[in-house]
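Per this note's numbering, the very first residue in the sequence shown carries number 27; after that it's consecutive. This report concerns only the one structure given below.
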Amino acid sequence: MLRVINRVLDHLEEWLIATLIAAATTLIFFAVLHRYGTGVSIDIARWATARGLTFIATPANATFTWLAALDVSWAQELCIYMFIWMAKFGAAYGVRTGIHVGVDLLVNRLPEHSRKHVILFALLCGAFFTGMIATFGYSFVSGMFHTGQQSNDLEAPMWIVYLAIPLGSSLMCYRFLQVAWFYYWTGELPHHDESHVEGVQADGSPALHPQPAGAATKAAARKVSPLGVILIMAPILILAICLGEKAGIIVLPPALRAATVFALLIALMLTGVPVSIALGLTVMTFLFTLTTVPIEAVSMKLFTGIESFEIMAIPFFILAGNFLTHGGVARRMINFATSLIGHWYGGLGLAGIVACAMFALVCGSSVATVAAIGAIVLPEMVRHGYPMRFGAGIITVAGSLGILMLPSIPKIVYAVATNTSIGALFVAGLLPGTMLTTMLCIVTWWIARKRDYPRLPKASWGETVRTFRESIWGLMLVVIIIGGIYSGLFTATEAAAMAAVYSFFISVFVYKAIGLKDVPRVLLRAANTSAMLLYIVTNAVLFSFVLSNENLPATLADWIAAQNLGWVGFLLVVNILLLLAGNFMEPNSIILIMAPILAPAAKKLGIDLVHFGIVIDVNMEVGLCHPPVGLNLYVASMIARMRITELAVAVMPWLLTMLAFLVVVTYWPDLTLWLPRVLGMHSG
C-alpha cells in the first residue's frame, strides 16, 4: 500500500511542477501577444481601410474586436500563484531528488558512523521545520477560509491559493522523513549531480571522486568523532540559550541577540542542513524565543516572499537555459567562433571562450554554459592535440561568464534582494563581460603561443558566413532580451518568458536537437531547479524580515560608516568576505544572505547598487571556479575525466586573471555604469 502511495506522490510531484512551469510560460507569452496584438490589429485595420483594402481591414477589425473583448488582466496574478504552488511542491520533489544545496564541507570529513548521525540530524531538522510550517499553514488557511477573502484579479478564494503552504510543507516533511528512514537502513542518499552532462557518462572511479576522509577502514567508520558531536550540539546549545532568554533565565544584550541569529544560521548550515531550511529554522527560533512578532507573520511571509512578478523571471530564464543547453545552440556558436579565430594560436581554446561569452548572452547560468560548451569543445581540443588540462582550465573559468553577461540568475536574485533594476543589472554586465572575455583570450593566446599549441586552418569568408547564419537563431535571443527590455516592450520577467518560448521553438522546430517527447524532461529539470531556488528565496525573505525587524542592516551600515573605511576599504572588505563565503556556499545563497546586509552600508558610502551588484556577481564567478564547492569545477571534471585537485591547479592562470579583473571591476565603477546610463536604464 505504501509503495502505491509513493508512486502516486512521485508522479503527482513530477507532473504538477512540470505542468505549472509550462502553463505559466504559455500564459505570460499569450498575455504579451494579446497586449501587442490588440494594438497591431487596429493599426493594420486603419491602414487597410484608408487604402480601400477591405479583404485585410475586415479580418483585422474582427481580430481587434475579439482581442479587445478578451480580458487577460488576471494572467499575471495566476502566473504568480502557479509558481508559488510549483515552488512548494517542487521543494518536496527536490528533497526526493537531492537537489537542495547545503554546506557539507565538514560533514564529508567525518568518519562514517559520525557522518551518519550528523546527516540524520540534518534530515530531521528539515522534517521538524516543514512539519511546523505545515501546522502553521493549516491554521492560517483555516482562518483565511472563515474570512472569505478573495484575490484581486482572479477573485478566487484566498484560502485555496494559500493551501499551497500546508500541502507542500506536509509533503516536504514526509519526504524528509522518507529520506531519513531510507538513509538509516541503507546509508544511501538521493543525489542530484549538478555536474552531470547529458551524453557524457559519469566516471565513478575513486580517483575522480575520492571517498570522504575516515571511510577507509571499518574501525575508522565506527569511530565517534568529536567534530560530529560538536556539529550536532552547537545548534542545540544555541537553541537552549534562546529558550533561556525566553524563560527569563538569562538576558542577552541587543548585540548578542544579533550575533545569536548568525551563530545559529552558521551552526545549522555546517551540519549539512539545506540552506533554505537553515534560514527558516533560524527565523522560527528567533521569532519564537527572542521577539514578540506574531507567528502568523511566518505563514504570510512564506507566501508573500515570492509573490512578486520580478522573481518569476528566475524560472523562465532557467527554462530557457535548459532548452538552449540541449537544443543545439552551443554547437553552432562554437562553429561560428572557430571560423573567426580558430587559426590563431590556441584557436580552439579561444573559440571556446568566445562561444562561452556568446552562450552567456542568452543563458544566465555558469553551470549550463560549462556543460553545453565544454562537452563539445574539450573532446575536439584533445582530438586536435591540446592537453586536456589546458582545455579544462579554459572552459572552467570561461563558463563563469554565464552569470556576468546579459541574463543572470544571481543578478535577478540580487535585484530582488536589494530592490535594484533588473534591466540595468543585465546591461551593466556587458562591458565587464567583454573585458573579461578579452583578458581570458589574451592569457590563452599567450600560453598557446609559448607552448606552440596547434592552430586550425583559416576558415574562408563563406564558411564564416555559413556558421553565422546557423548560429543567428540563438543570437537573436540577445535582441529579444535586451531589445525588449530597453524599448519598453517587455518587463524583465516577460522578456524571460519570451526567451523560454523562443528557446523551445528553435530547439524543437528549427535545430531539431530535441523532440517533443523530450520536452517534459526539460520542463521537469527546469522546474526542479527553479523550485529549489524559489524555496531559498522564500526563507531568505523571512530571514531579511527578522534582520529588518531588529534593525540590523541599518545598525551595521552605521557601524561601518563609523569605521572610516571609505568606499575603497569597504569594497576590499566585501571582496574578502565574499571570496571566503564562496569557499563553502553556492552563489544564490550567499547573495540572499549577504546582499540585504551589505547593500545599505554600500548605499550609505555612496556606492551605486548596480555597480555593487556586478562586484558581487564577479565574486560569485570566482567562487564557482575553485574548490571545494565550485560547481564549474565539478562539471568540467566530469567532462574531462580529471580529478578536482588536478583541475584546481590547471585553472590557476585563468583564475588569477579573473582575480585581477575583480580588482578592475571593483574600483572602476564607470565600466559597469556607463552603458546603463547611455541607454537611459539607470540614472545613478
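Note that beta-carbon positions come from the ideal geometry of N, C-alpha and C, so glycine has one too.
Where does V223 land, buried or exposed, given buried means 16+ other C-beta within 10 angstroms? Translated into positions along the sequence shown, residue 223 becomes position 197. Unreliable positioning characterises V223 in this predicted model, as indicated by a pLDDT of 41, which lies under 50. The coordinate reading is nonetheless provided below. Looking at its Cβ environment, which holds 16 or more other Cβ atoms inside 10 Å, V223 is buried.
For P183, write down the residues that DSSP places opposite it in a beta bridge. The count along the sequence shown starts at 1 and reaches residue 183 at position 157. Looking at the DSSP output, P183 sits in a beta bridge with Q176.
In three-state DSSP terms, what is G78? Here the question's residue 78 lines up with position 52 in the sequence shown. If DSSP states are grouped into helix, strand and coil, G78 belongs with coil.
Within a Cβ cutoff of 6 Å, which residues of the same chain sit near S392, ignoring the five residues on either side of it in sequence? On the sequence shown, position 366 is the one that residue 392 refers to. So the qualifying residues of the chain are G425, S426, G428, I429, L650 and N658.
Going by other Cβ atoms of all chains shown within 10 Å of its Cβ, with 16 needed for buried, is E214 buried or exposed? Sequence index remark: in the sequence shown, residue 214 carries index 188 (1-based). So E214 counts as exposed.
8 Å CB neighbourhood of F56 in its chain, flanking five on each side removed: Numbered from 1 along the sequence shown, position 30 holds the residue referred to as residue 56. For F56, where only same-chain residues beyond five positions count, the Cβ hits under 8 Å are V98 and A101.
Straight-line Cα distance separating A266 from M664: To locate residue 664, count along the sequence shown from 1; it is residue 638. To locate residue 266, count along the sequence shown from 1; it is residue 240. Distance between the alpha carbons of M664 and A266 is about 44 Å.
Within the same chain, show all residues whose beta-carbon is closer than 8 Å to that of A443, passing over the 5 residues directly before and after it, in chain order. Position 417 of the sequence shown, counted from the start, is the residue given in the question as residue 443. Answer for A443: A566, S570, I617, L618, A621, P622 and A625, listed in chain order.
Which residues mark the beginning and the end of the alpha helix (DSSP H) in which H352 is found? On the sequence shown, residue 352 is found 326 positions in, with the first residue counted as 1. DSSP places H352 in the uninterrupted alpha helix (DSSP H) bounded by A339 to H352.
Which word fits T446, buried or exposed, when buried means at least 16 other C-beta atoms lie within 10 angstroms of its C-beta? For the purposes of this step, residue 446 is identified with residue 420 of the sequence shown, where counting begins at 1. By the Cβ neighbour-count rule, T446 is buried, with 16 or more other Cβ atoms within 10 Å of its own.
Proximity winner among V491, S556 and F452, relative to G506 (alpha-carbon distances): Taking the sequence shown and counting its residues from 1, one reaches residue 506 at position 480. Checking the sequence shown, residue 506 turns out to be Ile, not Gly. For I506, the closest C-alpha among the options V491, S556 and F452 is that of F452.
For the pair the stretch 538-552 and the stretch 343-361, tell me if three or more CB-CB distances fall below 8 Å. Taking 8 Å as the limit for Cβ pairs, the verdict is that the stretch 343-361 does touch the stretch 538-552.
Are the CB atoms of I54 and A518 nearer to each other than 7 Å? By one-based count along the sequence shown, residue 54 stands at place 28. By one-based count along the sequence shown, residue 518 stands at place 492. With a cutoff of 7 Å on beta-carbon distance, I54 and A518 are scored as not near each other.
Chain-order list of residues whose beta-carbon lies under 8 Å from that of D711 (same chain, five-residue window excluded): In this structure the chain extends from 27 to 710, so residue 711 is not present and cannot be described.
With respect to the alpha helix (DSSP H) encompassing F288, which residues constitute its N-terminal and C-terminal limits? In the sequence shown, residue 288 corresponds to position 262, counting from 1. Unbroken alpha helix (DSSP H) run through F288: P280 to L296.
Could you tell me the boundaries of the alpha helix (DSSP H) in which L604 lies? For the purposes of this step, residue 604 is taken as residue 578 along the sequence shown, with counting starting at 1. Per DSSP, L604 belongs to the alpha helix (DSSP H) from G592 to A607.
From Q204, F90 and D69, pick the residue whose C-alpha is nearest to that of N32; which is it? Here residue 32 refers to the residue found at position 6 when the sequence shown is read from its first residue. Checking every option, the nearest Cα to that of N32 belongs to Q204.
Once DSSP output is grouped into helix, strand and coil, what is the label at E224? Reading the sequence shown from its first residue, position 198 is the one you call residue 224. In this predicted model, E224 has a pLDDT of only 43, less than 50, meaning its place in the structure is not dependable; the value taken from the coordinates is given anyway. In the three-state scheme derived from DSSP, where H, G and I count as helix and E and B as strand, E224 is classed as coil.
At the level of alpha carbons, what is the spacing between D696 and D634? As a first step, residue 696 must be located in the sequence shown, where it is residue number 670. As a first step, residue 634 must be located in the sequence shown, where it is residue number 608. One C-alpha to the other measures close to 10 Å.
Skipping 5 residues on each side, what residues in its chain have a beta carbon closer than 6 Å to that of S251? Translated into positions along the sequence shown, residue 251 becomes position 225. Excluding positions up to five away in sequence, the list reads L136, P137 and S140.
Am I right that Y119 and I43 are in contact with their C-beta atoms under 8 Å? What's the rounded C-beta distance? Reading the sequence shown from its first residue, position 93 is the one you call residue 119. Reading the sequence shown from its first residue, position 17 is the one you call residue 43. With a beta-carbon spacing of about 6 Å, Y119 and I43 fall inside the 8 Å limit used to define contacts.
Quick one: residues in its chain with C-beta nearer than 7 Å to the C-beta of A184, no 5 flanking neighbours on either side, listed in chain order? Indexing the sequence shown from 1 puts residue 184 at position 158. According to the sequence displayed, residue 184 carries Met and not Ala. Short of 7 Å from the beta carbon of M184, and not among the five residues preceding or following it, lie these beta carbons of its own chain, in chain order: M170, Q175, Q176 and S177.
Taking the alpha-carbon positions, what's the T84 to L59 distance? Counting from one through the sequence shown, the residue named residue 84 turns up at place 58. Counting from one through the sequence shown, the residue named residue 59 turns up at place 33. Answer to the nearest angstrom: the Cα atoms are 20 Å apart.
When DSSP labels each residue in this structure, what does N134 get in the three-state scheme? As a first step, residue 134 is located in the sequence shown; it is residue number 108 there, counting from the start. It is helical.
Nearest-angstrom beta carbon gap, G368 and F416 [assumed within contact, 8 Å]: Numbered from its first residue, the sequence shown carries residue 416 at position 390. Numbered from its first residue, the sequence shown carries residue 368 at position 342. Not really, about 15 Å apart at Cβ, beyond 8 Å.
Counting only the same chain and skipping the five closest in sequence on each side, list residues whose C-beta sits under 6 Å from that of A117. Counting from 1 along the sequence shown, the entry for residue 117 is found at position 91. Closer than 6 Å at the Cβ level, and outside the excluded window around A117, lie M198, A557 and Y561.
N-terminal and C-terminal residue of the alpha helix (DSSP H) that M108 is part of: For the purposes of this step, residue 108 is taken as the residue at position 82 of the sequence shown. In the DSSP assignment, M108 falls within the unbroken alpha helix (DSSP H) covering A101 to T123.
Whole-angstrom Cβ separation of C151 and L294, contact assumed at under 8 Å? The residue labelled residue 151 in the question sits at position 125 within the sequence shown. The residue labelled residue 294 in the question sits at position 268 within the sequence shown. Contact flag correct, Cβ pair sits at about 7 Å.
Local Cβ density within 10 Å of R477, reported as buried at 16 or more and exposed below that: Translated into the one-based positions of the sequence shown, residue 477 becomes position 451. The residue in question, R477, is exposed, as its Cβ has fewer than 16 Cβ neighbours within 10 Å.
Am I right that V133 and T364 are in contact with their C-beta atoms under 8 Å? What's the rounded C-beta distance? Locating residue 133 in the sequence shown gives position 107, where the first residue counts as 1. Locating residue 364 in the sequence shown gives position 338, where the first residue counts as 1. Going by Cβ atoms, the distance from V133 to T364 rounds to 43 Å, so no, they are not a contact pair.
For L313 and R283, believed in contact at Cβ under 8 Å, the rounded distance: Position 257 of the sequence shown holds residue 283. Position 287 of the sequence shown holds residue 313. Actually they do not touch by this definition, with Cβ atoms about 12 Å apart.
Just curious, the alpha helix (DSSP H) that W680 is in, first and last residue? Here residue 680 refers to the residue found at position 654 when the sequence shown is read from its first residue. According to the DSSP assignment, W680 belongs to the alpha helix (DSSP H) that extends over M678 to Y693.
May I ask which residues mark the beginning and end of the alpha helix (DSSP H) holding E647? The residue labelled residue 647 in the question sits at position 621 within the sequence shown. If you look at E647, you'll find it in the alpha helix (DSSP H) that goes L635 to G649.
Minimum length 4: unbroken alpha helix (DSSP H) runs contained in the stretch 350-399: Those alpha helix (DSSP H) runs which fall completely within the stretch 350-399 and span 4+ residues are 355-367 and 373-386.
Span separating the alpha-carbon of I258 from that of F147: Here residue 258 corresponds to residue number 232 of the sequence shown, with the count starting at 1. Here residue 147 corresponds to residue number 121 of the sequence shown, with the count starting at 1. Spanning the two alpha carbons is a distance of roughly 7 Å.
Determine the direct distance from the alpha carbon of G509 to that of D584, and round the result to whole angstroms. Working through the sequence shown from its first residue, we reach residue 584 at position 558. Working through the sequence shown from its first residue, we reach residue 509 at position 483. Approximately 40 Å between the Cα atoms of the pair.
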